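Per this note's numbering, numbering of the sequence shown is gapless, rising by one per residue and ending at 444. Glycine residues also receive a C-beta, built at the ideal position from the N, C-alpha and C atoms. For clarity, every value in this text was computed on a predicted model and none was experimentally measured. To start, the structure under review is shown below, and the notes come after it.
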Amino acid sequence: MPATLNVIFGPCAAGKTTYAHALAHREGAVAFVLDEWGARLFGPDLKGPIEFAWMLERLARCNALIWSTAEAVLAAGASVVIDTGAMRRADRERIRQIAEAKSLSIQWHFVDAPQAVRRARVADRNAAKGETFVMEVTPQMFEMLEAIYEPPAPAELEGAVLSASENGTVAAPAAEQPQAVH
Numbered sequence: 263m264p265a266t267l268n269v270i271f272g273p274c275a276a277g278k279t280t281y282a283h284a285l286a287h288r289e290g291a292v293a294f295v296l297d298e299w300g301a302r303l304f305g306p307d308l309k310g311p312i313e314f315a316w317m318l319e320r321l322a323r324c325n326a327l328i329w330s331t332a333e334a335v336l337a338a339g340a341s342v343v344i345d346t347g348a349m350r351r352a353d354r355e356r357i358r359q360i361a362e363a364k365s366l367s368i369q370w371h372f373v374d375a376p377q378a379v380r381r382a383r384v385a386d387r388n389a390a391k392g393e394t395f396v397m398e399v400t401p402q403m404f405e406m407l408e409a410i411y412e413p414p415a416p417a418e419l420e421g422a423v424l425s426a427s428e429n430g431t432v433a434a435p436a437a438e439q440p441q442a443v444h
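Printed below as a string of structure tokens:
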């Protein structure tokens, strides 16, 4: 079975990172989580509230590093799980084009939850600063991310693994995954 590029996408606080780590653990894949890389590489440089332009520049660099590293892991024969947000249709199309150009097996995973659940998760995560805390997401940041997010078109969900939670618990990846698209 060829190495698979697993791409996690969905709105802010839907449970993408929790899902990505569970999937990577179950599949023996390598997880690449943009928020974690950004926090580790640039978090110590923060001197106050996050400025949007500052953050975007650094996340773009992180994304480039994640992709080059993930490509090397895939070329070595190991599967990867990518959690870089992919909040806009154009982001997802770019990923699809990269996978197609490099003849990668790709499996999409859409993770979702109702907005009220996601707001509560953000508030809880900000307060607890527990295992999944990477950075504080202010109400303004949440609203900005909500405005950026574009729900998937029906065609984007064809063949995708769907994970939706109606409460505070993130739905774990199913034991059986569909075949990746080659």
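Residue 388 sits close to residue 399, with the two beta carbons spaced by under 8 Å. With a threshold of 16 other beta carbon atoms within 10 Å, residue 273 meets it and is buried. Straight-line measurement puts the Cα of residue 409 at about 17 Å from the Cα of residue 354.
Counting only the Cα atoms, residue 313 lies some 24 Å from residue 277. Every alpha helix (DSSP H) stretch that sits fully inside the stretch 338 to 415 and reaches 4 residues is listed by chain position as 351 to 363, 377 to 390 and 401 to 410.
Inter-residue distance for residue 339 and residue 283 is about 19 Å (C-alpha atoms, whole angstroms).
DSSP places residue 426 in the uninterrupted beta strand (DSSP E) bounded by 423 to 426.
Burial state of residue 319 is exposed, judged by a 10 Å Cβ sphere holding fewer than 16 other Cβ atoms. Taken through DSSP and simplified to helix, strand or coil, residue 293 comes out as strand. Burial state of residue 393 is exposed, judged by a 10 Å Cβ sphere holding fewer than 16 other Cβ atoms. The bridge partners DSSP lists for residue 266 are 367. Three or more Cβ pairs closer than 8 Å define a contact, and the stretch 330 to 350 falls short of that threshold against the stretch 418 to 427.
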